[in-house]
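Q:
Now the structure itself:
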């Protein structure tokens, strides 16, 4: 994040002696991006953070991808996904090992999970993660401190941040894993990193950890996702057994840390006529952007058509996750909360038949959705293939009942 925070006990000067209450020298760790030429934080550990006692392979959930060929728009239902860790009344799924892969490419992977168990300690060494909490609540425990999250929260977790997710009852999470960093859009930032006046949110809306967590456990496993050429997607997993718990940080400071942001704090940008998708952008990574569509007033030109015009994303694939409300442009398609659509580049898409005319005169939309646009084609994961309805591509075609107003 662009603004500086200091939590817990840190020394007056960087890279100088810092001792605990018992007089023991603490171990300074610099977590820095882009070869230590970008944002970073300094963490002060009680024990050496590099120590590893043992390692083994972590067999990741299925990471295979299938090309979207022949080229088709898709409709998936997350409500139809199976999560089969355990069995019977003892079945448990956690938010790390239980994720089901829906879509992916060389830049981003999109997964979904319904978690009811505490995850293992986890570190993504490939890229930042952006987790959207569709429903439920959890505590995200990290080496920087904890974040309490609930319905509508985004959680952005920097690459290589050790953390675990502790649900309070079942929690539904839409996971966006980048192969890069995930940041606020550059056009909303000053040259020094402050969110500007025209941005749809500001630093006041962002929640960071408030205090470090000191844990005394020994012989602790950390699950690591990392690059392994030759494996599906070039991704592999390793488990490191550490002699001491990684949450041994007494203090830290810097501009790199996990944070939460609730979608209700996003201030939508509206206009006299329909506004293009970039006004809904909330975050971005390399070769992908994240947008959200929130309840809002719509266009006020006397001849406006509030739903989107038909459009071709000539440079991108569009994935829309429908979270809540009544999504005006998709009425009559079978899409509802929990649905996910893929509109691939090369296929023009837009409102379902009849929605164009019906939207005229609307003053507001009550809808909530999260969109990911990618600038390289997406392929389907095993979970995406499992819950594809197989008929969405024909939902605009003449002859269907909802086409009567065409």
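Residue numbers (UniProt numbering): 1 to 406.
Idealized CB from N, CA, C, for every residue including glycine.
Note that the structure is predicted; figures quoted are calculated from it, not measured.
On the CB-based measure, 16 or more other CB atoms within 10 Å of its CB, does residue 281 come out buried or exposed?
A: Buried: at least 16 other Cβ atoms inside 10 Å.
Q: For the putative contact between residue 256 and residue 37, defined by C-beta atoms under 8 Å, what is the C-beta separation to the nearest angstrom?
A: Between residue 37 and residue 256 the Cβ distance is about 13 Å, and since that is not below 8 Å, they are no contact.
Q: According to DSSP, simplified to helix, strand and coil, what is residue 233?
A: Residue 233 falls in the helix class under three-state DSSP.
Q: Rounded to the nearest angstrom, how far is the Cβ of residue 103 from that of residue 323, given a contact under 8 Å?
A: Not quite, the Cβ-Cβ distance comes to about 17 Å (not below 8 Å), so this is no contact.
Q: Grab the span of the beta strand (DSSP E) containing residue 382 for me, first residue to last.
A: From DSSP, residue 382 is part of no beta strand (DSSP E) but of the alpha helix (DSSP H) over 382-386.
Q: Please say whether residue 112 and residue 132 have beta carbons closer to each other than 7 Å?
A: No, the Cβ-Cβ distance between residue 132 and residue 112 is not below 7 Å.
Q: By Cβ distance, which residues of its chain are closer than 7 Å to residue 380, with the 5 residues on each side in sequence left out?
A: Cβ within range, chain order: 65, 66, 68 and 103.
Q: Please classify residue 157 as buried or exposed, where buried requires at least 16 neighbouring CB atoms within 10 angstroms.
A: Residue 157 is buried by the Cβ-count criterion.
Q: Looking at the secondary structure, which residues open and close the beta strand (DSSP E) in which residue 318 lies?
A: Here the beta strand (DSSP E) through residue 318 covers 317-325.
Q: Is residue 362 helix, strand or coil by DSSP?
A: It is coil, neither helix nor strand.
Q: Quick check: residue 249 and residue 143, are their CB atoms within less than 7 Å of each other?
A: Yes, they are a contact pair.
Q: To the nearest angstrom, how far is the alpha carbon of residue 163 from that of residue 213?
A: C-alpha separation (whole angstroms): 11 Å.
Q: Excluding the 5 residues flanking residue 171 on each side, which residues of the same chain have their C-beta closer than 6 Å to its C-beta?
A: For residue 171, where only same-chain residues beyond five positions count, the Cβ hits under 6 Å are 115, 136 and 138.
Q: Would you list the residues sitting across from residue 238 in a DSSP beta bridge?
A: For residue 238, which the question treats as bridged, DSSP gives the partners 57 and 224.
Q: Of the choices 376, 385, 397 and 392, whose alpha-carbon is the least far from that of residue 107?
A: Closest option to residue 107, Cα to Cα, is 376.
Q: Can you check whether the CB of residue 251 is closer than 7 Å to the CB of residue 24?
A: Result no, Cβ atoms of residue 24 and residue 251 do not sit closer than 7 Å.
Q: How far does the beta strand (DSSP E) with residue 373 in it extend, from its first residue to its last?
A: Taken as a continuous stretch (DSSP letters only), the beta strand (DSSP E) holding residue 373 covers 367-374.
Q: Can you name the residues that DSSP bridges to residue 145?
A: Beta-bridge pairing links residue 145 to 142.
Q: Return the residue from the list 334, 288 and 32 that minimises the CA-CA distance to residue 105.
A: Ranking 334, 288 and 32 by Cα distance to residue 105 puts 288 first.
Q: Using CA coordinates, which residue listed in 312, 384, 351 and 362 is at the minimum distance from residue 344?
A: When only C-alpha atoms are compared, the closest one is 312.
Q: Thinking just about the alpha-carbon of each residue, which of 294, 261, 330 and 34 is nearest to the one in residue 310?
A: Measuring from the Cα of residue 310, the nearest candidate turns out to be 330.
Q: Quick one, are the C-beta atoms of residue 95 and residue 182 less than 7 Å apart?
A: Not in contact: residue 95 and residue 182 (Cβ atoms no closer than 7 Å).
Q: Count the other CB atoms, across all protein chains shown, that sit within 10 Å of the CB of residue 70; report buried if there are 16 or more and exposed otherwise.
A: Burial call: exposed.
Q: Straight-line CA distance for residue 99 to residue 62?
A: For residue 99 and residue 62, the distance between alpha carbons rounds to 9 Å.
Q: Per DSSP, what kind of secondary structure is residue 9 in: helix, strand or coil?
A: Residue 9 falls in the coil class under three-state DSSP.
Q: Please go through the same chain and pick out, in chain order, the residues whose beta-carbon is closer than 6 Å to the beta-carbon of residue 185, but skip the five residues on each side of it.
A: Contacts found: 281 and 284.
Q: Residue 415 by DSSP, collapsed to three states: which one?
A: Beyond the ends of the chain as shown, which are 1 and 406, falls residue 415; an answer cannot be given.
Q: Measure from the alpha carbon of residue 386 to the alpha carbon of each residue in 336, 47, 305 and 80, then state which is nearest.
A: Of 336, 47, 305 and 80, the residue nearest in Cα terms is 80.
Q: Hey, how far is the Cα of residue 146 from the Cα of residue 21?
A: Each residue's alpha carbon lies about 23 Å from the other.
Q: By DSSP's criteria, residue 165 is part of a beta bridge. Which residues make up the other side?
A: Bridge partners of residue 165: 140.
Q: Is it buried or exposed, residue 86, if we count other Cβ atoms within 10 angstroms and call 16 or more buried?
A: Annotation note: pLDDT 43 at residue 86 (below 50); position unreliable, no value reported.
Q: If you compare alpha carbons, which of 47, 274 and 314 is closest to residue 365?
A: It is 274 whose Cα lies nearest to the Cα of residue 365.
Q: Put residue 341 into one of helix, strand or coil per three-state DSSP.
A: Of the three classes helix, strand and coil, the one that applies to residue 341 here is strand, per DSSP.
Q: Looking only at its own chain, which residues have a Cβ that is under 8 Å from the Cβ of residue 242, when we skip the five neighbours before and after it?
A: Result list for residue 242: 51, 52, 53, 219, 220, 221 and 222, in chain order.
Q: Return the residue from the list 265, 356, 235 and 315 that minimises the CA-CA distance to residue 179.
A: Out of 265, 356, 235 and 315, 235 has the C-alpha closest to the C-alpha of residue 179.
Q: Between residue 15 and residue 26, is the Cβ-Cβ spacing less than 7 Å?
A: Cβ atoms of residue 15 and residue 26: not closer than 7 Å.
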